[in-house]
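Enquirer: Following the working numbering, the numbering of the sequence shown begins with -11 at its first residue and continues without gaps.
Yeah, the Cβ is synthetic: ideal placement off N, Cα and C, and Gly gets one too.
I have a structure here, written as structure tokens, and I will follow up with some questions on it.
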Amino acid sequence: MTDTPSRKLRYAMVGGGRDAFIGAVHRHAIALDGQAELVAGALSSSPEKARASGRDLFLADDRNHGDWQALLADEMARPAHERIDFVSIVTPNHVHFPVAQAFVEAGFHVVCDKPLVHTSAQADALVAAVKRQGTVFGVTYNYTGYPMVRQARAMVQAGELGDLRKVVVEYNQGWLATHLEAEGNKQAGWRTDPAKSGAAGAIGDIGSHAENLLTTVTGLEIESLCADLGALVPGRTLDDDGSLLLRFAGGARGVLVASQIHTGVENDLRLRISGTRGTLDWRQEQPSELVHFPPEGPKRILTRGSPWLCESARRASRLPSGHPEGFLEAFANVYAGVMADIRARLAGQAADPITADYPRVEDGARGVRFIERTVASAASTAKWTAW
Ligand SMILES: NC(=O)c1ccc[n+]([C@@H]2O[C@H](COP(=O)([O-])OP(=O)(O)OC[C@H]3O[C@@H](n4cnc5c(N)ncnc54)[C@H](O)[C@@H]3O)[C@@H](O)[C@H]2O)c1
-11 MTDTPSRKLR
-1 YAMVGGGRDA
9 FIGAVHRHAI
19 ALDGQAELVA
29 GALSSSPEKA
39 RASGRDLFLA
49 DDRNHGDWQA
59 LLADEMARPA
69 HERIDFVSIV
79 TPNHVHFPVA
89 QAFVEAGFHV
99 VCDKPLVHTS
109 AQADALVAAV
119 KRQGTVFGVT
129 YNYTGYPMVR
139 QARAMVQAGE
149 LGDLRKVVVE
159 YNQGWLATHL
169 EAEGNKQAGW
179 RTDPAKSGAA
189 GAIGDIGSHA
199 ENLLTTVTGL
209 EIESLCADLG
219 ALVPGRTLDD
229 DGSLLLRFAG
239 GARGVLVASQ
249 IHTGVENDLR
259 LRISGTRGTL
269 DWRQEQPSEL
279 VHFPPEGPKR
289 ILTRGSPWLC
299 ESARRASRLP
309 SGHPEGFLEA
319 FANVYAGVMA
329 DIRARLAGQA
339 ADPITADYPR
349 VEDGARGVRF
359 IERTVASAAS
369 TAKWTAW
């Protein structure tokens, strides 16, 4: 981490008010390293709830806004020494684009949750705006922040698996196995509404994480895909279950599964990568372990915090091995990368590439394309053979 400027960064949040899920996770993750403080916000869709949520977090009255437009206008009117360094966008998906675009156009650094936006046209516009403005833009594909995911990536890059042949990535959950949206569950409500979620349900919500994880770790490029999407819970329009076959440039094959109707299953994200010289297996619910299957000997379990891991994995740990770290720390690693990049730019220096390791706006845009191509493939029955 660079040591300038010699102050905490200042950030604002859009979304993440009372009863919201991921906004608090972002705040905890940012707080973990003490590098930034929340100074402003527009925390909810209703102005009253937004302000009440801001009071919960002790925001100053004049920086606790009823909507994001007022937040942006206020930031623009402030002198540089008070202004935020970045904004975190943690609203439902349909709000990402207008907020992200407006803050980037105004020259602010942005962190936005996934999926980035609804359409490739929006994603392309955002990528172009970030390029034009020269701003930092991080997308919280937080699973890439786990030390053992970074270790897996380093092993693939070092050729320890040989030529990659097969990748299987699965993200299975069970929380949408019933018609939860009909019971007033807020998180289920917008996720199953195409106007808010976008063109996809489970594929956008968690399939996008799976795509990002597999691409980040393997470096493989999807060349074509064949998707089967279903809305298996009666009354639902968007997919809650998806299975994809993948073909990668260079000849490797893959399978991607993303489902939210696996009754009782929690957050079972798993990545298996096989090459000519070995296999790796990582599971989010045991994130400190990476299982390596070399062809010439017994399988071995690599663990977080060990001195023999790659530098990127070592630097992504805060505790000695055996003291559990998990979701919040991985999330904090993505933020550490974003903040290192922002500090470097403020200092006019190049960022340390090992620390400034975070998913960028281009990764978010690729995720949007993945969702669009998956939905397009699922609409075609050309690949099905009748029994
Ligand atoms: N990275 C991850 O692991 C992860 C996990 C969960 C959710 N997410 C993503 O985070 C985002 C939020 O998901 P969630 O589960 O926290 O949703 P949520 O419904 O729990 O919270 C959304 C928050 O945004 C607020 N909001 C809505 N419209 C707004 C507006 N116009 N202005 C200001 N605030 C507004 C809501 O009032 C609420 O506070 C989604 O894009 C989702 O895909 C990512």
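Got a sec? Which residues, its chain only, sit under 6 Å from residue 262 by beta carbon, not counting five neighbours each side?
Expert: The residue you call residue 262 lines up with position 274 of the sequence shown. Only 153 and 154 meet the Cβ criterion.
Enquirer: On the CB-based measure, 16 or more other CB atoms within 10 Å of its CB, does residue 237 come out buried or exposed?
Expert: Working through the sequence shown from its first residue, we reach residue 237 at position 249. So residue 237 counts as exposed.
Enquirer: Report all residues from its chain with a CB closer than 6 Å to the CB of residue 212; omit the five preceding and five following residues, and keep chain order.
Expert: Looking up residue 212 in the sequence shown gives position 224. Cβ neighbours of residue 212 beyond the five flanking positions: 235.
Enquirer: Classify residue 15: buried if its beta carbon has 16 or more other beta carbons within 10 angstroms, exposed otherwise.
Expert: Taking the first residue of the sequence shown as 1, we reach residue 15 at position 27. Residue 15 comes out buried.
Enquirer: Would you mind reading off the limits of the beta strand (DSSP E) that contains residue 230?
Expert: Mapped onto the sequence shown, residue 230 falls at position 242. Start and end: 229 to 236.
Enquirer: Can you tell me whether DSSP reads residue 333 as helix, strand or coil?
Expert: One-based indexing of the sequence shown puts residue 333 at position 345. Helix at residue 333.
Enquirer: Return helix, strand or coil for residue 124, following the three-state DSSP convention.
Expert: As a working note, residue 124 is residue 136 in the sequence shown. Residue 124 falls in the coil class under three-state DSSP.
Enquirer: Looking at residue 270: is its Cβ nearer than 9 Å to the Cβ of residue 159?
Expert: If you number the sequence shown from 1, residue 270 lands on position 282. If you number the sequence shown from 1, residue 159 lands on position 171. Their beta carbons are not under 9 Å apart, which means residue 270 does not touch residue 159 by this criterion.
Enquirer: If you count every other CB in all the chains shown that lies within 10 Å of the CB of residue 29, and 16 or more means buried, which is it?
Expert: As a first step, residue 29 must be located in the sequence shown, where it is residue number 41. Classification for residue 29: buried.
Enquirer: Can you check whether the CB of residue 222 is closer than 9 Å to the CB of residue 167?
Expert: Taking the sequence shown and counting its residues from 1, one reaches residue 167 at position 179. Taking the sequence shown and counting its residues from 1, one reaches residue 222 at position 234. It is a contact, given that the beta carbons lie within the stated cut-off.
Enquirer: Pick from -5, 13 and 267: whose alpha carbon is nearest that of residue 151?
Expert: The residue given as residue 151 occupies position 163 in the sequence shown. Nearest option by C-alpha distance: 267.
Enquirer: Who are residue 78's beta bridge partners in DSSP?
Expert: As a first step, residue 78 must be located in the sequence shown, where it is residue number 90. Bridge partners of residue 78: 3.
Enquirer: Could you spell out where the alpha helix (DSSP H) holding residue 359 opens and where it closes?
Expert: Translated into the one-based positions of the sequence shown, residue 359 becomes position 371. Taken as a continuous stretch (DSSP letters only), the alpha helix (DSSP H) holding residue 359 covers 349 to 366.
Enquirer: Roughly how many whole angstroms lie between the Cα atoms of residue 301 and residue 170?
Expert: If you number the sequence shown from 1, residue 301 lands on position 313. If you number the sequence shown from 1, residue 170 lands on position 182. Rounded to whole angstroms, residue 301 to residue 170 spans 43 Å at the Cα level.
Enquirer: Should residue 292 and residue 279 be called a contact, given that it needs their Cβ atoms to be closer than 9 Å?
Expert: Here the question's residue 292 lines up with position 304 in the sequence shown. Here the question's residue 279 lines up with position 291 in the sequence shown. Cβ distance not < 9 Å, so residue 292 and residue 279 don't count as in contact.
Enquirer: Using a Cβ distance threshold of 8 Å, determine whether the segment 40 to 59 contacts the segment 16 to 27, with at least three qualifying pairs required.
Expert: These segments touch.
Enquirer: Residue 161: buried (16+ other C-beta within 10 angstroms of its C-beta) or exposed?
Expert: Residue 161 sits at position 173 when you count from the first residue of the sequence shown. Buried is the call here.
Enquirer: Restricting to runs no shorter than 3 residues, where is the beta strand (DSSP E) found entirely within the segment 242 to 315?
Expert: Counting only runs of 3 or more, we get 256 to 263, 266 to 271, 277 to 281 and 288 to 291.
Enquirer: Thinking residue 348 and residue 127 are a contact (beta carbons under 8 Å), I'd like their distance in whole angstroms, please.
Expert: Walking along the sequence shown from the start, residue 348 turns up at place 360. Walking along the sequence shown from the start, residue 127 turns up at place 139. Right, the Cβ-Cβ distance comes to about 7 Å (below 8 Å), so this counts as a contact.
Enquirer: Count the C-beta pairs between the segment 91 to 104 and the segment 68 to 79 that are closer than 8 Å, then say yes if the count reaches three, no if not.
Expert: Contact holds: three or more Cβ-Cβ distances are below 8 Å.
Enquirer: For residue 340, which option in 310, 116, 327 and 362 has the closest C-alpha, if you only look at C-alpha atoms?
Expert: Position 352 of the sequence shown holds residue 340. Residue 340 has its Cα closest to that of 327, out of 310, 116, 327 and 362.
Enquirer: State the Cα-Cα distance for the pair residue 207 and residue 39, rounded to the nearest angstrom.
Expert: Taking the first residue of the sequence shown as position 1, residue 207 is located at position 219. Taking the first residue of the sequence shown as position 1, residue 39 is located at position 51. Their Cα atoms are separated by approximately 43 Å.
Enquirer: Going by CA-CA distance only, name the one from 117, 229 and 2 that's closest to residue 84.
Expert: For the purposes of this step, residue 84 is taken as the residue at position 96 of the sequence shown. Taking only the C-alpha atoms, the option nearest residue 84 is 2.
Enquirer: Kindly indicate which residue of 31, 172 and 365 has the alpha-carbon position closest to the one of residue 215.
Expert: Position 227 of the sequence shown, counting from 1, holds the residue named residue 215. Cα-wise, what sits closest to residue 215 is 365.
Enquirer: Between which two residues does the beta strand (DSSP E) holding residue 34 run?
Expert: What you label residue 34 is simply residue 46 of the sequence shown in a count that begins at 1. Run containing residue 34: none; DSSP gives neither H nor E here.
Enquirer: Following a CB-centred definition, is residue 163 positioned closer than 8 Å to any heavy atom of ligand 1?
Expert: The residue you call residue 163 lines up with position 175 of the sequence shown. For ligand 1, not one heavy atom lies less than 8 Å from the Cβ of residue 163.
Enquirer: With H, G and I counted as helix, E and B as strand and the rest as coil, what does DSSP make of residue -11?
Expert: Numbered from its first residue, the sequence shown carries residue -11 at position 1. Legend: pLDDT at residue -11 = 42, less than 50; position of this residue unreliable, value from coordinates given subsequently. Note: residue -11 maps to coil in three-state DSSP.
Enquirer: If you count every other CB in all the chains shown that lies within 10 Å of the CB of residue 64, and 16 or more means buried, which is it?
Expert: Walking along the sequence shown from the start, residue 64 turns up at place 76. Residue 64 comes out exposed.
Enquirer: Check this for me: beta carbons of residue 203 and residue 351, under 9 Å apart or not?
Expert: By one-based count along the sequence shown, residue 203 stands at place 215. By one-based count along the sequence shown, residue 351 stands at place 363. For residue 203 and residue 351, yes; Cβs fall inside 9 Å.
Enquirer: Where does residue 138 land, buried or exposed, given buried means 16+ other C-beta within 10 angstroms?
Expert: Position 150 of the sequence shown, counting from 1, holds the residue named residue 138. Under this definition residue 138 is a buried residue.
Enquirer: Residue range of the beta strand (DSSP E) that residue 154 falls in?
Expert: Locating residue 154 in the sequence shown gives position 166, counting from the first residue. Note, residue 154: beta strand (DSSP E), 152 to 160.
Enquirer: Starting from residue 97 and walking both ways along the beta strand (DSSP E), at which residues does that stretch end?
Expert: Against the sequence shown, residue 97 aligns to sequence position 109. That run of the beta strand (DSSP E) goes 97 to 100.
Enquirer: Check whether the segment 50 to 64 and the segment 307 to 318 touch, using three or more Cβ-Cβ pairs below 8 Å as the test.
Expert: No, they do not touch.
Enquirer: I'd like to confirm something about residue 375: is its beta-carbon nearer than 8 Å to some heavy atom of ligand 1, or not?
Expert: As a working note, residue 375 is residue 387 in the sequence shown. It does not: the Cβ of residue 375 is nowhere closer than 8 Å to a heavy atom of ligand 1.
Enquirer: Check whether the Cβ atoms of residue 129 and residue 200 sit closer than 9 Å, and answer yes or no.
Expert: To locate residue 129, count along the sequence shown from 1; it is residue 141. To locate residue 200, count along the sequence shown from 1; it is residue 212. Yes. Within cutoff.
Enquirer: Taking the alpha-carbon of residue 132 as reference, which of 304, 299, 338 and 359 has the nearest alpha-carbon?
Expert: Translated into the one-based positions of the sequence shown, residue 132 becomes position 144. The candidate whose alpha carbon is nearest that of residue 132 is 304.
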